[in-house]
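Asks:
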Amino acid sequence: MSSINFKNGPQVGKYKVDIQGFEQIVLPELNRKSSDVDVFLIDEIGKMECFSQKFVDAILRILDDNVPVVATVALKGNGFIAEVKSRKDIRLIEITYKNRDYIVDEIVGWL
1 MSSINFKNGP QVGKYKVDIQ GFEQIVLPEL NRKSSDVDVF LIDEIGKMEC FSQKFVDAIL
61 RILDDNVPVV ATVALKGNGF IAEVKSRKDI RLIEITYKNR DYIVDEIVGW L
């Protein structure tokens, strides 16, 4: 959760991030038992989200589990974003105007 109108919180560009509000919404879903989940869909692992260490910890746990994950990851970024993108156990695909119409079928096939 972010807004140009928030008074407090870390800032990305002109937006301030409400980490507590973000965590209240996102963490219950990310902390579900793996046995209750067929696939995790995560939109997104980006700069704002990475201000939450609880989010980072949950994503690491999910990536280390056996449940398939489909996630969008910021194109640019250091730290955790770079760590996720450099993992040996992921397949990184850049979505472009040329491939966006057929890439969904390809991703579903991998799952």
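Be aware that the sequence shown starts at 1, since it is given in my numbering, and climbs by one per residue.
Backbone N, C-alpha and C define an ideal beta-carbon position, used for all residues, glycine too.
Does DSSP put E106 in a helix, in a strand, or in coil?
Replies: Residue numbering aside, residue 106 sits at position 106 when the sequence shown is read from its first letter. Here E106 sits in helix by DSSP.
Asks: For D43, which residues does DSSP report across the bridge?
Replies: Taking the sequence shown and counting its residues from 1, the one referred to as residue 43 is at position 43. T72.
Asks: For the putative contact between I62 and L111, defined by C-beta atoms under 8 Å, what is the C-beta separation to the nearest angstrom?
Replies: What you label residue 62 is simply residue 62 of the sequence shown in a count that begins at 1. What you label residue 111 is simply residue 111 of the sequence shown in a count that begins at 1. Not quite, the Cβ-Cβ distance comes to about 15 Å (not below 8 Å), so this is no contact.
Asks: Kindly indicate which residue of K54, I95, D36 and P28 has the alpha-carbon position closest to the one of N66.
Replies: Taking the sequence shown and counting its residues from 1, the one referred to as residue 66 is at position 66. It is D36 whose Cα lies nearest to the Cα of N66.
Asks: Run the CB neighbour count on G9, radius 10 Å, all protein chains shown included, and call it buried at 16 or more, exposed below.
Replies: The count along the sequence shown starts at 1 and reaches residue 9 at position 9. Answer is buried; the Cβ neighbour count reaches 16.
Asks: Do the region 39-58 and the region 9-21 meet, that is, are 3 or more Cβ pairs less than 8 Å apart?
Replies: Judged by Cβ distances under 8 Å, the region 39-58 makes contact with the region 9-21, as three or more pairs qualify.
Asks: Could you tell me the alpha carbon to alpha carbon distance between K33 and L27, rounded to whole angstroms?
Replies: For this step, residue 33 is matched to residue 33 along the sequence shown. For this step, residue 27 is matched to residue 27 along the sequence shown. Approximately 12 Å, taken between the alpha carbons.
Asks: Could you tell me the boundaries of the beta strand (DSSP E) in which K16 lies?
Replies: Here the question's residue 16 lines up with position 16 in the sequence shown. Where K16 is concerned, the enclosing beta strand (DSSP E) stretches over Y15 to V17.
Asks: Can you tell me whether K16 is buried or exposed, with buried defined as 16 or more other CB within 10 angstroms of its CB?
Replies: Counted from its first residue, the sequence shown places residue 16 at position 16. Per the 10 Å Cβ criterion, buried.
Asks: Within a Cβ cutoff of 8 Å, which residues of the same chain sit near K54, ignoring the five residues on either side of it in sequence?
Replies: On the sequence shown, residue 54 is found 54 positions in, with the first residue counted as 1. These residues qualify, in order along the chain: E23 and L27.
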